[in-house]
Amino acid sequence: MFIRSTTGCYACKTRRKKCDETKPKCLRCSKSKIDCEYEYVSPTGKSTKKRTKPAPRPASEQVKKSETQPANLGTIPEQTGISEASLGLFDYPLVPSFDISLPLDTDWETALYLPATMPSLDPLAIRAIPSSSVVLQHPVASARANLTSDQASLFNALFSLGETNCPEQSNSLSNALTHSPPRVGQNPHTPSPYESISYSACASISDSQLHEYGELDDNGDLEGVGEIFCQAPLELDHTVDSNSLPFVLHSFAQWLPLAVFDPLKIIHRAKEAIINQFSQSLASRHRLILISKLMTMLTKSWALDERGKTMLELLTGEIWHNIAGYRVQGWPVSEEERQRANAALDNTLELMGIQLVTSPLSVILRFLQSAAPVFLSACPLPHPPNLSEILLEPGVNLRHFAAVDIAASVTTGRPLLCRYYIPWSLEFCDEFMKRKEHQGLQWLIGIPDQFILLFGYMNGLKEDAEAAGTTVSPRIIEQIEEDMKKIIIVPCEGRDPSLVIGRTVVQECWRQAVFIYLYMALCGAHALDPRVEKAQKGFMKLVNRTRPGRNPDTFLIIAMLIAGVAVTKQSYRQTIKSRILGLPECVNPNTAGNDSLLMLQDIWARTESEGRVARWEDLGEACRRVTGI
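UniProt numbering numbers the first residue of the sequence shown as 1 and each following residue consecutively.
Dropping the structure here:
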C-alpha cells in the first residue's frame, strides 16, 4: 500500500489514486496499460521541493472556490505547543499528548469545506444521498507532531465548541480516567479471526456518485492495513488451494479499515489469529473462506445477491446450531465448561458484523437473546459477571457480547440481557485504564471503555430503581456528573491526520451521549430539560462542524440514536437523517441501520402528533413498533 505524494504521475493524480512513482512508468499505469507521465512544475516562493503537475479539481470545488475565496492557509508557520493549539476544541479534557501534523501541500479548501445545507430527505422514500469524506486530500505517514496555528484553525473549523470550562488536566495517564468452531462437547475454544477484533456494519463505497471514493484498496485504507495483512494481487481464485489464505487475508484487509474504528490497534494479532484458524482444520478453513466471500461481496455492493443470501444462510445456520446446541453440563461452571461455552460463541462476532449490513434489527436482537445464556456460562465466576474483567479478557467473544449487549440496550430502550457487576468510581476507572493495554473495545466501534462501564453501571441503577418503585438518589446523579467532567479520553493515534480528527470527534460525541442517557434514562428528564438540551446541542455542534463521510459517520450512528431521542429542532433531525442515509448500507430496507432510523422517525412523528416532547420510554416503544420485539 503506497502513500500518496506530491510527486506522483499525472494519471494517478487525475484518478485520485496513490502512485508508487516508479520510473519511467508507475506500476498502476503499467497494469492498467495507460499513459504515464511525470510533468514537474516550477517551485514557488522559498520552497525548492519538486512537485509534479496537480490533477484538475472537480467542478464542484471550482465553483465553490469562485464563490468564496478562503483565507490564505497554505503557509505553515513555525510550530507551536499543543497546549495553545488545542485550547477551545472540546468541553472536556483530552490527554495532553494529542498531537497532529499536516503536510505543506494539504488541500485546505477541501479540508475546510463544510456544506451550507443538508440535503432534503423524504422520510417515506429513503434513498442514498451523496456523502463527502472527512478525509483530507493528502494523508501523511505519521500524526505524532505538534500542532501549528494553521492546523489549529483546521481543528476549529471542523469542530470548535467555543469557550471551554474544563477541569484541570491530570499530569499523568495513571491519574486520568480515562472455520468452524468445534461442535459443542468436542475441542476447546478456537481463536477467532477476530481475536482482538470485530466488525461493525460497514461496506466500501463502490458508487462513483459518492464523491469519487474510488477503489477500496486505494482510498478506503489510509493507514496501510492491506500492506500489513497481505501483498497479494487483488484478483485471486480462492478455489486454488495455494490462493486460499491470501484470499482470506485480502478480504479481511478490505473489510477492516471500513468496519473497525482503530484497526491498527489489533491488526497484527488479528492476522496471526486468522492464520491459526485457517490452519487448524478443514472445517474452520471452509468457514473462514465463507466469511471472507461475504466480506468481499459486501465491500463491492451494499446488498447481497441471491448467491450471497444463500451463503449467509449457511453461515447463520452453522453458528446458530452451535448456540442452540449448547447445554450446561454442570453447575457451578467449571473451567472446562467455560471453554465449551466459549467455543459455542465462536464466529458470532463475524456473523453479527455481516448481519448489521444485511439483516433487520429484529434478527440481531433475537440472536443476542439466544446467545445470552451461553455467554453467562462462558463468564468466570462469581456472577453477575464483572464487566471490567470481561473487557480485559484476552479472547474477543465475551468482550464483544458484553459491549453489544450494552450498545443494544442504550440504543433501543430495552433492558440489558445480562446483569453486570460494576463497582463504579473514578479510582475503579483509573485502575481499569492502567490494566487494559490493547484490550477493551474502544478500538472496535469507538465507544471509550470508561463509557461502556458507565452505561452498564447506570443501567443497573435504573433497573434497581424501577424494581423498587423509587428514583435514583440525587447524590448519585451528582457524583456521575462530576465523574464525567473528569474523565479524560485517551486519544487515538493514526498514520492519517484526518482519521485522528474523525476518531476524536466520535469519542467526544460519546461524552455528550452519556450525558443525554444520564438525564433522560436515569433522571427521567424530557427532551426540553435544560440539561438534556445542553448535551444534545454539544453533540450536534460536533456533528455539524464535521464533514459528512464514511469516517466518522459509520461510528457516529450508535451515538446518533441516543442523541436523536433528544433533538427537537427540525434542522437537527434533518442532519441526523442525512448523516445516517449518507451510509448506503443504512439506505436498504430491512437492515439494522435503516430500522434504527425508522425508530427515530417514529419517536419524532408520535411526539409531534401527541403535542409533547420525547421521553426515554419512547425509544423502547419505537423499537417495539419497528421490530416487533
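Even glycine gets a Cβ: it sits at the ideal position worked out from N, Cα and C.
For secondary structure counted as the alpha helix (DSSP H) over 4 or more consecutive residues, the stretch 418–462 holds these complete runs in sequence order: 426–436 and 442–445. The Cβ atoms of Cys-509 and Leu-556 lie closer than 9 Å to each other. Close CB contacts of Ser-596 within its chain, under the 6 Å cut and outside five residues either way in sequence, are with Leu-561 (chain order). Annotated three-state conformation of Thr-52 is strand, per DSSP.
Check the Cα spacing between Ile-558 and each of Glu-463, Ala-403, Glu-337 and Glu-350: the tightest is with Ala-403. Contact check for Arg-51 against Thr-7 passes: the beta carbons are separated by less than 9 Å. The alpha-carbon of Ile-603 is positioned some 52 Å away from that of Cys-29.
Buried is the label assigned to Ala-273, since at least 16 other Cβ atoms lie within 10 Å of its Cβ.
By the Cβ test, the stretch 568–582 is in contact with the stretch 529–544, since at least three Cβ pairs between them sit closer than 8 Å. Arg-414 is a Cβ neighbour of Ala-408, given a cutoff of 9 Å. Taking His-526 as the centre and dropping the five residues before and after it, the same chain places the C-beta of Val-613 and Arg-615 closer than 6 Å to its C-beta, in chain order.
In this structure, Gln-512 and Phe-539 form a Cβ contact; the two beta carbons are roughly 4 Å apart against a cut-off of 8 Å.
For Met-540, the enclosing alpha helix (DSSP H) starts and ends at 530–544. As summarised for the stretch 239–285, the continuous alpha helix (DSSP H) elements at least 4 residues long and confined to that stretch are 241–259 and 267–280, given in chain order.
The way I'd put it, the stretch 290–299 does touch the stretch 249–262; three or more beta-carbon pairs between them come closer than 8 Å. Phe-432 and Glu-481 have their C-alpha atoms spaced approximately 20 Å apart. Residue burial annotation: Arg-550 is buried, with at least 16 other C-beta atoms found within 10 angstroms of its C-beta. The beta carbon of Tyr-519 sits closer than 8 Å to those of Ala-525, Asp-529, Arg-531, Val-532 and Ala-535, all from its chain and outside the five residues before and after it, given in chain order. Shown here, Ile-364 sits in a helix according to DSSP, grouped into three states. When rounded, the separation of the alpha-carbon atoms in Ile-266 and Trp-443 is 8 Å. Remark: C-beta atoms of Ser-362 and Gly-628 approach each other more closely than 9 Å. Counting C-beta atoms within 10 angstroms of its own C-beta, Arg-625 has fewer than 16 neighbours from the protein chains shown and is therefore classed as exposed.
For Ile-319, no pairing in a beta bridge is given by DSSP. Here Asn-590 is exposed. Its C-beta has fewer than 16 other C-beta atoms within 10 Å.
Just so you know, the alpha carbons of Val-260 and Ser-498 end up roughly 16 Å apart.
In this structure, DSSP gives Asn-588 a state outside helix and strand, which the three-state scheme calls coil. Distances from the alpha-carbon of Asn-386 to those of Ile-354, Phe-428 and Gly-494 put Phe-428 closest. Classified as buried, Ala-622 has 16 or more neighbouring CB atoms from the shown chains inside 10 Å of its CB. Within the same chain, and ignoring the five residues on either side of Tyr-38 in sequence, the residues whose Cβ sits closer than 6 Å to its Cβ are Cys-9 and Thr-52. Taking C-beta atoms as the reference points, Asn-397 and Leu-349 count as a pair closer than 9 Å.
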